[in-house]
């Protein structure tokens, strides 16, 4: 799964070719999305063309319908996007825990990033994230994308392949925020404020959440299409600020990029759940 975000700046950003790493599916003045999952090309391909490409090589795995858990979260296998690191489907109890908060710490090479997960805001997302933490899915992974637009300032993580294309081999539905204030930078009123400190899921369109997530280090303007499931603590924001200060790694095509791999590589050495509940 690739995860992109769209920047939402009013300034036109030059288009550039989309590589397999769909960081930004060509950013225009109208852009504005955070994506995690199928590459932009795959998303845009007409289904008939896709069927023609895949019909000749149907694997046994594709012949049976994807497995789906039976609880309210309906975590569903994605055979077309196998797991970047093997992990079972999450538990899906009939009564998904939907109250209280849980602390998780990402131990990175730049310092700790403490997260407070909010079960009430996004019970299925928190349950999946804790499942992946418990299975050590996030251990020894890198954060593949840093954005530094005036209206999109995030660090994106959660893909063990480090490419922006990888996920856990399953997807689940959105739990979208309904009460975000309008982004002050967007006169159209379409984009909402994803404030500094927000923890949210990247996706590749509706109901395609997997393992990739993003950490907002400065107020950002996004369509309210990304599930918010927690917040970053003060020490974590200090760590994010150090990473962001390093900027985005220059490339041959773009000596001063505002979206790409962090210039200071970011490694999540371990993601650990704290077991005292709040």
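Numbering (the numbering used here), first residue to last: 20 to 297.
Glycine included, every Cβ here is placed at the ideal spot set by N, Cα and C.
The structure displayed is predicted, hence computed values, not measured ones.
Item, Value
"Residue 104 classed as buried or exposed, judged by whether at least 16 other C-beta atoms fall within 10 angstroms", "buried"
"Classification of residue 270 by the beta-carbon crowding that lies within 10 angstroms, buried from 16 upward", "exposed"
"Bridge-paired residues (DSSP) for residue 147", "DSSP lists no partner for residue 147."
"Between the CA atoms of residue 227 and residue 194 - distance to the nearest angstrom", "11 Å"
"CB of residue 176 within 8 Å of CB of residue 281, strictly", "no"
"Buried or exposed (CB count within 10 angstroms, at least 16 for buried), residue 222", "buried"
"Buried or exposed (CB count within 10 angstroms, at least 16 for buried), residue 150", "buried"
"Sub-8 Å separation of residue 188 and residue 102 beta-carbons", "yes"
"Cβ neighbours of residue 279 in the same chain (closer than 8 Å, five flanking residues each side left out)", "42, 164, 165, 267, 268, 270 and 273"
"First and last residue of the uninterrupted beta strand (DSSP E) at residue 120", "120 to 127"
"Exposed unless 16 or more other CB atoms sit within 10 angstroms - verdict on residue 208", "exposed"
"For residue 210 and residue 172, the rounded distance between their alpha carbons", "14 Å"
"6 Å CB neighbourhood of residue 126 in its chain, flanking five on each side removed", "288 and 289"
"Neighbour-count burial assignment, residue 6, 16 or more Cβ in a 10 Å radius", "Only positions 20 to 297 of the chain appear in this structure, which leaves residue 6 out of reach."
"Cutoff 7 Å; reference residue 286; Cβ partners in own chain excluding five residues on either side", "127, 128 and 161"
"Selected residue, minimal CA-CA separation from residue 83, among 91, 95 and 90", "95"
"Cut-off 7 Å between Cβ atoms - residues of its own chain near residue 243, not counting five sequence neighbours on either side", "195, 196, 199 and 211"
"Candidates 255, 264 and 275: closest to residue 283 by CA position", "264"
"Cα-Cα separation between residue 174 and residue 201, rounded to whole angstroms", "22 Å"
"Range of the contiguous alpha helix (DSSP H) that encloses residue 158", "First-last for residue 158: undefined, no H or E at that position."
"Own chain, CB closer than 7 Å to residue 118, minus 5 neighbours either side, in chain order", "138 and 139"
"Cβ-Cβ distance between residue 143 and residue 97 below 8 Å", "no"
"Residue 99 classed as buried or exposed, judged by whether at least 16 other C-beta atoms fall within 10 angstroms", "exposed"
"Neighbour-count burial assignment, residue 260, 16 or more Cβ in a 10 Å radius", "exposed"
"Nearest candidate by alpha-carbon position, reference residue 250, set 153, 213, 183 and 184", "213"
"Neighbourhood of residue 124 by C-beta, 6 Å cutoff - its chain only, sequence neighbours within 5 removed", "131, 133 and 291"
"Nonlocal neighbours in the same chain, by C-beta distance under 6 Å from residue 255, ignoring five residues either side", "132 and 133"
"Same chain, Cβ closer than 7 Å to residue 232, five either side skipped, listed in chain order", "176, 177, 218, 219, 220 and 221"
"Straight-line gap, residue 156 to residue 253 (C-alpha atoms, nearest Å)", "25 Å"
"Classification of residue 10 by the beta-carbon crowding that lies within 10 angstroms, buried from 16 upward", "Residue coverage of the chain in this structure runs from 20 to 297, which leaves residue 10 outside it and unanswerable."
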